[in-house]
Every structure is written in C-alpha cells, then in structure tokens.
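Worksheet: one structure, shown below.
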Amino acid sequence: DDIKQLNAFRVSQSVESLRLRDVRSEFPMPGRYHFRFKLKHDGSFVWIDVTNENSAVPQYEGKITCKVLRISWDDDDSPKRLVNASVTPQPAKQDVGMDLLAPEQNRRQQPSPPKANPVATVDFFGDGFGTPSPPPQAHAVQSRKQSDDFDSLFR
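Its first residue numbered 1, the sequence shown is counted upward by one per residue in the UniProt record's numbering.
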C-alpha cells in the first residue's frame, strides 16, 4: 500500500518495536477502535485480536496489516467521562391524595399475567421457527375426519 492512499499510514516507531499503543496513538482517524492484525500461521495467515496496549504488533511479510473496527466516534473513554454519562435513578413518584382513599381503593391493581397461547408451535426444521399447530378443537375434528376416511377404505 502507498502512504498517499487513505488505507495506509506511517508510524514513527520501527516495525520491530511497534506496540498496540503506538498504532492507536498514531491512527489518523478520530474515535475508539478495535484492531485485528494479520499473522503468518502454518503457511497461511490468521487474524489476531491484540487488546493489551503494551503487546507487540504482529507482522506479516515484513508489514503491519490490520483490520480496524470503529467502536465509537468519541476519542475519550476515560472513567470520568463514563461516570458523567451515566444516568442517575429518579425517585419514585407518589400519587397525590392516595392516602385519602379507602385502604381497598389504595391498593394498586396488579397486572394480570399474560395468558398462555393455546396454539402450540412445532419446530419441524429445527431452525427455531415453529409452525403453529391447529387449535385443539380443530385438531380433534381433523383427526376424526382422517380416521373416517381411512376406515372407509376397508368397508
């Protein structure tokens, strides 16, 4: 690759002493990134995730080749910034005048649990998407009809 192209950039360290922190600090795009580096393995290559900032960056054929995934457009992931971004829980609101109601009216109605779906699903293909089976009444009528048709063959 050519340094004039957008998919290559120069680093000030030698290839042999290059660490992830060096690549990250000299990466030309703003944001936080995950780096995956190309590494020779058994006559081929693999992509290896380097997450330790002090780790040496793997080389492939004398070059550093990487895939880069943007995690965030934001450069700063310091704990201070993350704490400021967190949401503080709001106190529970109290209804005005609830204490004036009679005790039986003061109780909030609990939502009823969801009703069970009477239609079962059958996963014929093992792909997690079941085919709804007919409702029980229709199934019983259908079974009786099939039985009658079958019996009529022997009459």
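The C-beta atom is built at its ideal place from N, Cα and C for all residues, glycine as well.
Please classify Val-57 as buried or exposed, where buried requires at least 16 neighbouring CB atoms within 10 angstroms.
Flag for Val-57 reads buried.
Three-state class that DSSP yields for Val-57 in the structure shown:
Taken through DSSP and simplified to helix, strand or coil, Val-57 comes out as coil.
Compare the C-alpha of Ile-64 against each of Ile-48, Pro-30, Gly-31 and name the closest.
Of the candidates Ile-48, Pro-30, Gly-31, the one whose C-alpha sits nearest the C-alpha of Ile-64 is Ile-48.
Would the beta-carbon of Glu-26 fall within 8 Å of that of Ser-17?
Against a cut-off of 8 Å, the Cβ pair of Ser-17 and Glu-26 comes out as no contact.
For Ser-12, list the residues DSSP reports as bridge partners.
Looking at the DSSP assignment, Ser-12 forms no beta bridge with any residue, so it has no partner.
Which residue wins for smallest C-alpha separation from Ala-8, given the options Val-50, Arg-19, Val-15, Pro-28?
It is Pro-28 whose Cα lies nearest to the Cα of Ala-8.
Using only CA atoms, which one of Tyr-33, Asp-74, Lys-40, Val-46 lies nearest to Glu-53?
When only C-alpha atoms are compared, the closest one is Tyr-33.
With burial defined as no fewer than 16 other Cβ atoms inside 10 Å of the residue's Cβ, what is the status of Val-46: buried or exposed?
Classification for Val-46: exposed.
What number of angstroms, rounded off, separates the C-alpha of Gly-31 from the C-alpha of Ser-55?
Each residue's Cα considered, the two are about 21 Å apart.
For Leu-69, the three-state DSSP class (helix, strand or coil)
Correct three-state label for Leu-69: strand.
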